[in-house]
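Shown next, in structure tokens, is the structure this report addresses.
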Amino acid sequence: MPDIRDVAVRLEDAGGRISVAGRWVSRYGLVVVLAWIGAGKYVKMESRTLIQHSPLLSWLYDFFSYTVVADALGTAEIVAAVLIAVHPRRPRVSAIGSAIAVVLFLGTLSFLFTTPGVVQTVVHGLPVLSGLPGQFLLKDLVLIGVALWTLGESLGRARAGRVSPTPARRCSG
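Residue numbers (this note's numbering): 110 to 282.
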């Protein structure tokens, strides 16, 4: 039976492969979540209650119907997902998708502060979030982190592809 040090060494040796798997799952997990939530906007309008209480976005309903707003948000989420997914071939395009996702998640996170019913109760000074909408909205804190990471990685890869190595100059002297 291997001892704990052997297991630790094996895990350390696998660290690079685990990190690659984590990056893959993070990027394409974000793609699946965005596409799925975006598609959901076409069949249900869970965003209506959130948006109507938002000082940043409630004005949209003065000009557009609930369905138009939901469809536009759903389309933006699906477009962001598709753009993020093309990262291996088009990192610049993927960066645009990640930037869209960041903006979408910023909007969603703002609902934590504007939507009634987010805090169910306060226990010992700590706000306890309701299941809906509180905990539902809180997940976007992690999603915006993944979107920021994919944005940074895509921009870095795009820059690396744009910057060609220059030949080393010889010093005379």
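Virtual Cβ for every residue (Gly too), placed ideally from N, Cα, C.
Practice item. Less than 8 Å between the CB atoms is what I'm expecting for A179 and L213, so what's the real figure, rounded? Key: Rounded, the Cβ-Cβ distance is 13 Å, inconsistent with contact.
Review point. Do the CB positions of G243 and V228 come within less than 8 Å of each other?
Key: yes
Point to revise | Selected residue, minimal CA-CA separation from I253, among G149, G216, L159 and P164 | key: G216
Check your understanding: Roughly how far, in whole angstroms, is the beta-carbon of I193 from the beta-carbon of L139, given that I think they are within contact range, below 8 Å?
Key -> 6 Å
Practice item. Identify every run of the beta strand (DSSP E) within the stretch 200 to 271, keeping only runs that are complete inside it and at least 3 residues long; order them along the chain. Key: Those beta strand (DSSP E) runs which fall completely within the stretch 200 to 271 and span 3+ residues are 228 to 232 and 235 to 238.
Exercise for review: Taking E121 and I146 to be in contact with their CB atoms under 8 Å, please state how far apart those CB atoms are, rounded to whole angstroms.
Suggested key: Incorrect: roughly 37 Å between the Cβ atoms, too far for contact.
Review point. Apart from the five residues on each side of it in sequence, which residues of its chain come closer than 8 Å, Cβ to Cβ, to S167?
Key: I160 and Q161
Review point. What is the DSSP secondary structure of G124, counted as helix, strand or coil?
Key: Here G124 sits in helix by DSSP.
Exercise for review: Please report how far the alpha carbon of V202 lies from the alpha carbon of V195, in whole angstroms.
Suggested key: 7 Å
Check your understanding: Can you name, in chain order, every residue of its own chain whose Cβ lies under 6 Å from the Cβ of P236, other than the five neighbours on each side?
Key -> V228
Review point. Expressed to the nearest angstrom, what Euclidean distance is found between the alpha-carbon atoms of E262 and R126?
Key: 18 Å
Point to revise | Contiguous beta strand (DSSP E) assignments of at least 3 residues, all confined to the stretch 111 to 187 | key: none
Exercise for review: Please check the pair A256 and A210, which I expect to be a contact at CB under 8 Å, by giving their CB distance rounded to whole angstroms.
Suggested key: 4 Å
**Study point:** Cutoff 8 Å; reference S135; Cβ partners in own chain excluding five residues on either side
**Key:** V255, W258 and T259
Exercise for review: Answer with buried or exposed for S207, where buried requires no fewer than 16 other C-beta atoms within 10 angstroms of its C-beta.
Suggested key: buried
Review point. Given that a residue counts as buried once 16 or more other Cβ atoms are within 10 Å of its Cβ, and exposed if not, what is S156?
Key: buried
Practice item. Measure how close the beta-carbons of K92 and G183 come, nearest whole angstrom, since I'm counting them as under 8 Å. Key: Not covered by the structure: residue 92. The range shown for the chain is 110 to 282.
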